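Numbering (full-length UniProt numbering), first residue to last: 1 to 97.
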């Protein structure tokens, strides 16, 4: 599910209500593993290998959280995929922020 997505004109990013509502339903503490980097550098490939999923625009949390015990506390771990920066066709305002 998306947590940040581009607006219809691709001029800025905005929070996704769907994503925020999904996160609010999690009752455990939350940890995240984010994959960030330039356009076409293998971010989605890495997550495809781990989860068989990919992201195309914005920032997405993929799959069901993995529940792990961290320091004795049950924690929900999310994998986060991001759209690459310096993508072709993105405005500087959209890409740099």
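Heads up, the beta-carbon is just placed ideally off N, CA and C, and yes, glycines get one too.
These figures come from a predicted structure and were not determined experimentally.
Q: With a threshold of 16 other CB atoms inside 10 Å of the CB of residue 16, please say whether the residue is buried or exposed.
A: Locating residue 16 in the chain shown gives position 16, where the first residue counts as 1. Buried is the call here.
Q. How many angstroms separate the CA atom of residue 73 from the CA atom of residue 46?
A. Walking along the chain shown from the start, residue 73 turns up at place 73. Walking along the chain shown from the start, residue 46 turns up at place 46. So the alpha carbons of these two residues sit roughly 27 Å apart.
Q | Beta-carbon gap between residue 2 and residue 59 smaller than 8 Å | A | Stepping through the chain shown from its first residue, residue 2 is reached at position 2. Stepping through the chain shown from its first residue, residue 59 is reached at position 59. Contact: yes.
Q | Rounded straight-line distance, which links the Cα of residue 11 to that of residue 35 | A | Looking up residue 35 in the chain shown gives position 35. Looking up residue 11 in the chain shown gives position 11. The straight-line gap separating the alpha-carbon atoms of residue 35 and residue 11 is approximately 23 Å.
Q) beta strand (DSSP E) containing residue 63: first to last residue? A) Here residue 63 corresponds to residue number 63 of the chain shown, with the count starting at 1. Residue 63 -> beta strand (DSSP E) spans 59-70.
Q.
Going by DSSP in three states, residue 23 sits in which element: helix, strand or coil?
A. Locating residue 23 in the chain shown gives position 23, counting from the first residue. Looking at residue 23 - three-state DSSP - the assignment turns out to be helix.
Q) Nearest to residue 70 by alpha carbon, out of 8, 23, 32, 9? A) Here residue 70 refers to the residue found at position 70 of the chain shown. Distance check between residue 70 and each of 8, 23, 32, 9 places 32 closest, using alpha-carbon atoms only.
Q. In this structure, does DSSP put residue 45 in helix, strand or coil?
A. To locate residue 45, count along the chain shown from 1; it is residue 45. Assignment of residue 45 by DSSP, reduced to helix, strand and coil, places it in the helix class.
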